[in-house]
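> Before we start, here is the structure in question, set down as structure tokens.
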Amino acid sequence: MKKKINNGSLTLTRRKLIDNSAKLIVLTAALLTAVVVFGIFYFLLSEGLRIFTYITPLEFFLNEQWYPVDRNPDFGILALMMGTLSVTGLTLLISVPMGFVVSIYLSEFSGSKMRNTIKSIVEFVAGMPSVVLGSFGLRYLSRWILETFPSVWTGLNILNASIILSILAMPYFVTLMEDSLRDVPRDQREASLSLGATQTATIFRVVVPQARSGVMNAIIIGANRVIGETMVVLMVAGGAAMIPTSVLDPVRPMTAAIAGEMGEVAVGSAHYHALFMIGVVLLIFSTVFTIIAMKLKRGRRG
Amino acid sequence: MKVDSLVRLIFAFFTFLFNVLIMGLMAFLVIRGIGQITWQFLSSFPSNSMEAGGILPAVVGSAYFMSIALVFAVPVGVLGAVYLSEYSKESLLRSVVLSATNILAGIPSIVFGLFGLALFCIAFGFGTSVLAGGLTLGIMALPYVISNTYESLRAVPPSYREASIALGASKAQTTFRTVLPAAFSRIITGVVIATGRIIGETAPLLFTGAAFYITRNPGTVFQPAMSLPTHIFVLATVYPETVASNLEGTISVLMIIVLVLFSLAGIIRSRTRRKLEG
Chain A
0 MKKKINNGSL
10 TLTRRKLIDN
20 SAKLIVLTAA
30 LLTAVVVFGI
40 FYFLLSEGLR
50 IFTYITPLEF
60 FLNEQWYPVD
70 RNPDFGILAL
80 MMGTLSVTGL
90 TLLISVPMGF
100 VVSIYLSEFS
110 GSKMRNTIKS
120 IVEFVAGMPS
130 VVLGSFGLRY
140 LSRWILETFP
150 SVWTGLNILN
160 ASIILSILAM
170 PYFVTLMEDS
180 LRDVPRDQRE
190 ASLSLGATQT
200 ATIFRVVVPQ
210 ARSGVMNAII
220 IGANRVIGET
230 MVVLMVAGGA
240 AMIPTSVLDP
250 VRPMTAAIAG
260 EMGEVAVGSA
270 HYHALFMIGV
280 VLLIFSTVFT
290 IIAMKLKRGR
300 RG
Chain B
0 MKVDSLVRLI
10 FAFFTFLFNV
20 LIMGLMAFLV
30 IRGIGQITWQ
40 FLSSFPSNSM
50 EAGGILPAVV
60 GSAYFMSIAL
70 VFAVPVGVLG
80 AVYLSEYSKE
90 SLLRSVVLSA
100 TNILAGIPSI
110 VFGLFGLALF
120 CIAFGFGTSV
130 LAGGLTLGIM
140 ALPYVISNTY
150 ESLRAVPPSY
160 REASIALGAS
170 KAQTTFRTVL
180 PAAFSRIITG
190 VVIATGRIIG
200 ETAPLLFTGA
210 AFYITRNPGT
220 VFQPAMSLPT
230 HIFVLATVYP
240 ETVASNLEGT
250 ISVLMIIVLV
260 LFSLAGIIRS
270 RTRRKLEG
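These protein sequences, in sequence, are chains A and B.
Position one of the first sequence corresponds to residue 0 (numbering that gives the first Met the number 0), numbered consecutively onward.
Position one of the second sequence corresponds to residue 0 (numbering that gives the first Met the number 0), numbered consecutively onward.
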């Protein structure tokens, strides 16, 4: 009898040991994610901030001259930021309304079979490698732009990049907007319809206003994707570091500058540190966007 | 109502238009190069300064990169999700890990490339290598694996845990013998989708692991390798438009791999659903 109890307590200690080590292992794995995020900030900042031993922050952000390999190099990223801004702006102008229309159709009009079919197509689109779409823009869409607009001198420009990026951004808008539209309780629609409102009025006066923060959330997450997209803008935005005056101008967005130039620079040079500082700018943008999106989502739930 | 059916028609029209265009584009990209895909194409090295020959080193390189990425991301991601779903209470630590996962998911791929360059290539001394590129991709895959595994674990009914605890199982036994197996096929679906997303990533590899042209497969993980997406990038940007057949073939191969992975995920998902429903 006594022996049995002893055995029991022995296994009990072993159990506790296993339990505690399991806890420790999963905790370590979870903490690693946080460590990686801190590591990304640490490494980008420590490499990036060193550009300010060469030039002042004011010159870096407000100078529009980006001539990094000149004998007297210029590291002003204003033109690069304008490149990112113009491409992102036009992309959102194309893809947000389209995403909105498709998501309303899916959540309010379509049957469940149709919805599932379209949603799986949209999921495929989300998985399309950006380099493949970039190649399409480079080889085919650019030719179409040259033929359509006889006055342009290059088919690689803001318009081309924005059309391709719209394809990439659509899935985010469709999926996230549709989720937030469907989150609006069914009885709200029924109440509106039973009061005599048309379906159109119900959608635009009852459903959409209630889904507003979800729609905003979708736009922010999608915009974050578009800003960070690299291969498409590297391949089809034209690559000219200048402030654009029309959508048919070529630009060099920030991501394209990093991807296009990092392979050529000497580690530890001013150019190297400048590219890391552009990375810091992108990192701060994406973190702020993510935090805003998280806040909006929490607000919706709470 | 007349207005209603008009509105419905307009929304349906644009939805179908978008879907037709997008399916046309996908079909175009797959079919245009499909004639290129022969055993010869898949199993030989490029020749004539990459204008001809096959894509073997890119296929092999992609497999290497993905293996390292998954070996890193799957254990860390699954265990991290287990912490979030099974072990953590509402605490500061939990919200830090959750926020970190969200922030990681939003970081641009090129920033991961910079991080991989600074940490793996330079600080760890791996240089431009399969290991550095694979780990960089692994870090990118981490948030996908975590959030998907987390959802899968949350979908396991609490009664499973209660029954296991009631039978005298410990917390660790309950988690690893009952909850994880119950969520297994959903977790696998998530891993397959993460693979499909990461395999086409180009930017993070450009200066952490990619070689433009190699004549033999890497012998160790400390050598650079070619990959399908970076090969497409080089073929599309460096060569004139007349040299298109290898580009189209490589695009076709990558598109088919991604489509197969996504279909696979869809099949596993629908089979699981059927099993759960009885």
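Just so it is clear, CB atoms sit at the ideal spot from N, CA and C, and this is done for glycine as well.
In whole angstroms, give me the CA-to-CA distance for K112(A) and S102(A).
In the first sequence, residue 112(A) corresponds to position 113, counting from 1. In the first sequence, residue 102(A) corresponds to position 103, counting from 1. Approximately 15 Å between the Cα atoms of the pair.
> Considering T82(A), what are the terminal residues of the alpha helix (DSSP H) in which it resides?
Counting from one through the first sequence, the residue named residue 82(A) turns up at place 83. A small fix is needed here, since residue 82(A) is Gly in this sequence, not Thr. Residues L77 to I103.
> Note down the Cα distance separating L246(B) from T201(A), rounded to an integer number of angstroms.
Along the second sequence, read from residue 1 onward, the residue named residue 246(B) stands at position 247. Along the first sequence, read from residue 1 onward, the residue named residue 201(A) stands at position 202. Going by the C-alpha atoms only, they are around 50 Å apart.
> Between the alpha carbons of L55(B) and I106(B), how many angstroms are there, rounded?
If you number the second sequence from 1, residue 55(B) lands on position 56. If you number the second sequence from 1, residue 106(B) lands on position 107. When rounded, the distance between both Cα atoms is 32 Å.
> List, in chain order, every chain A residue whose beta-carbon is nearer than 8 Å to that of F40(B).
The residue given as residue 40(B) occupies position 41 in the second sequence. Near F40(B) there are no residues of chain A at all, since even the closest Cβ is about 17 Å away, more than 8 Å.
> Check whether the Cβ atoms of I138(B) and V35(A) lie closer than 8 Å to each other.
By 1-based counting over the second sequence, the position of residue 138(B) is 139. By 1-based counting over the first sequence, the position of residue 35(A) is 36. Yes.
> Given 8 Å as the limit, is there contact between the stretch 127-136 of chain B and the stretch 211-221 of chain B, that is, 3 or more CB pairs closer than that?
Flag = yes, the stretch 127-136 of chain B and the stretch 211-221 of chain B touch.
> When the cut-off is 8 Å and only beta carbons count, does L113(B) lie next to chain A?
As a position in the second sequence, residue 113(B) is number 114, starting the count at 1. Cβ-Cβ to chain A under 8 Å: yes for L113(B).
> For G277(B) and Y143(B), what's the separation of their Cα atoms in angstroms?
Locating residue 277(B) in the second sequence gives position 278, counting from the first residue. Locating residue 143(B) in the second sequence gives position 144, counting from the first residue. Note on G277(B): pLDDT 48, under 50, position unreliable in the model; no value is reported.
> Roughly how many angstroms separate the alpha carbons of G301(A) and L295(A), rounded to a whole number?
Position 302 of the first sequence, counted from the first residue, corresponds to residue 301(A). Position 296 of the first sequence, counted from the first residue, corresponds to residue 295(A). Any reading at G301(A) must be qualified, since the residue scores a pLDDT of 39, below 50, and its modelled position is unreliable; the value itself is stated next. Cα to Cα, the separation comes out at about 10 Å.
> What is the rounded straight-line gap between the Cα of V86(A) and the Cα of A78(A)?
Numbered from 1 along the first sequence, position 87 holds the residue referred to as residue 86(A). Numbered from 1 along the first sequence, position 79 holds the residue referred to as residue 78(A). Rounded to the nearest angstrom, the two C-alpha atoms are 12 Å apart.
> Considering only residues of the stretch 89-147 of chain B, which uninterrupted alpha helix (DSSP H) runs meet the minimum length of 4 residues and lie entirely inside it, listed in chain order?
Listed in chain order, they are 91-105 and 108-115.
> At a CB-CB cut-off below 7 Å, which residues of chain B make contact with T289(A)?
The sequence position of residue 289(A) within the first sequence is 290, counting from 1. By Cβ distance, chain B contributes N101, I102 and G105.
> Use the C-beta contact count for N19(A): other C-beta atoms within 10 angstroms, 16 or more gives buried, fewer gives exposed.
Position 20 of the first sequence holds residue 19(A). It counts as exposed.
> So, under 8 Å CB-CB, V231(A) and S141(A) are touching, yes? Tell me the CB distance rounded to an integer number of Å.
Residue numbering aside, residue 231(A) sits at position 232 when the first sequence is read from its first letter. Residue numbering aside, residue 141(A) sits at position 142 when the first sequence is read from its first letter. Contact doesn't hold; Cβ gap of about 12 Å is too wide.
> Could you check if G195(B) is buried or exposed, using at least 16 other CB atoms within 10 Å of its CB as the buried criterion?
To locate residue 195(B), count along the second sequence from 1; it is residue 196. The residue is buried, with at least 16 neighbouring Cβ atoms inside 10 Å.
> Let's test the definition: count the other Cβ atoms within 10 Å of the Cβ of Y171(A) and tell me whether it reaches 16, buried, or not, exposed.
The residue you call residue 171(A) lines up with position 172 of the first sequence. Y171(A) is buried by the Cβ-count criterion.
> Which residues share a DSSP beta bridge with F64(B)?
Residue mapping note: residue 64(B) aligns to position 65 of the second sequence, counting from 1. DSSP output for F64(B) lists no bridge partner at all.
> Starting from V250(A), follow its DSSP beta bridges and name the residues at the other end.
Position 251 of the first sequence holds residue 250(A). According to DSSP, V250(A) bridges with G237(A).
> Apart from the five residues on each side of it in sequence, which residues of its chain come closer than 6 Å, Cβ to Cβ, to R114(A)?
What you label residue 114(A) is simply residue 115 of the first sequence in a count that begins at 1. Result list for R114(A): L105, in chain order.
> With contact counted as at least three CB pairs below 8 Å, one residue from each stretch, are the stretch 200-216 of chain A and the stretch 52-66 of chain A in contact?
Verdict: no, contact absent.
> F119(B) and T100(B): beta carbons closer than 8 Å?
Stepping through the second sequence from its first residue, residue 119(B) is reached at position 120. Stepping through the second sequence from its first residue, residue 100(B) is reached at position 101. Contact: no.
> Taking the alpha carbon of I162(A) as the reference point, which residue from E85(B), A171(B) and L24(B) has its own alpha carbon closest?
Taking the first sequence and counting its residues from 1, the one referred to as residue 162(A) is at position 163. Comparing Cα-Cα distances from I162(A) to each of E85(B), A171(B) and L24(B), the minimum goes to L24(B).
> Does the Cβ-Cβ distance between P72(A) and A240(A) come in under 8 Å?
Mapped onto the first sequence, residue 72(A) falls at position 73. Mapped onto the first sequence, residue 240(A) falls at position 241. No; because the gap between Cβ atoms is not below 8 Å, this pair is not in contact.
> Comparing C-alpha positions only, which one of T286(A), G136(A), K22(A) and A292(A) sits nearest to K88(B)?
Start at 1 with the first residue of the second sequence, and residue 88(B) comes out as number 89. Of T286(A), G136(A), K22(A) and A292(A), the residue nearest in Cα terms is K22(A).
> With 8 Å set as the bound, which would you pick, yes or no: does the beta-carbon of D18(A) sit closer than that to a beta-carbon of chain B?
Stepping through the first sequence from its first residue, residue 18(A) is reached at position 19. Taking Cβ atoms only, chain B reaches closer than 8 Å to D18(A), which makes this a yes.
> Give the DSSP-derived three-state secondary structure of G208(B) in the structure shown.
Taking the second sequence and counting its residues from 1, one reaches residue 208(B) at position 209. DSSP places G208(B) in coil when its eight states are reduced to three.
> For W143(A), does the three-state DSSP call read helix, strand or coil?
The residue given as residue 143(A) occupies position 144 in the first sequence. DSSP places W143(A) in helix when its eight states are reduced to three.
> Using three-state DSSP, classify S48(B) as helix, strand or coil.
Stepping through the second sequence from its first residue, residue 48(B) is reached at position 49. S48(B): coil per DSSP, three-state reduction.
> Drop a sphere of 10 angstroms on the beta-carbon of P252(A), count the other beta-carbons inside from all chains shown, and report buried for 16 or more, exposed for fewer.
As a first step, residue 252(A) is located in the first sequence; it is residue number 253 there, counting from the start. With 16 or more other Cβ atoms within 10 Å, it is buried.
> How about L136(B): is its C-beta nearer than 8 Å to some C-beta of chain A?
As a first step, residue 136(B) is located in the second sequence; it is residue number 137 there, counting from the start. No, no contact with chain A.
> Classify Y63(B) as buried or exposed, calling it buried when 16 or more other Cβ atoms lie within 10 Å of its own Cβ.
Counting from one through the second sequence, the residue named residue 63(B) turns up at place 64. It is buried - the Cβ of Y63(B) has at least 16 other Cβ atoms within 10 Å.
> Starting from S191(A), follow the alpha helix (DSSP H) in both directions and report where the run begins and ends.
Mapped onto the first sequence, residue 191(A) falls at position 192. Segment R185 to S193, the alpha helix (DSSP H) holding S191(A).
> Have a look at A264(B), G208(B) and I109(B) and flag the residue whose alpha-carbon is nearest the alpha-carbon of I186(B).
In the second sequence, residue 186(B) corresponds to position 187, counting from 1. Of A264(B), G208(B) and I109(B), the residue nearest in Cα terms is A264(B).
> D73(A) by DSSP, collapsed to three states: which one?
As a first step, residue 73(A) is located in the first sequence; it is residue number 74 there, counting from the start. Three-state DSSP puts D73(A) in a strand.
> Considering V131(A), what are the terminal residues of the alpha helix (DSSP H) in which it resides?
Your numbering for residue 131(A) matches position 132 in the first sequence. It spans S129 to F135 - the alpha helix (DSSP H) in which V131(A) sits, taken as one unbroken run.
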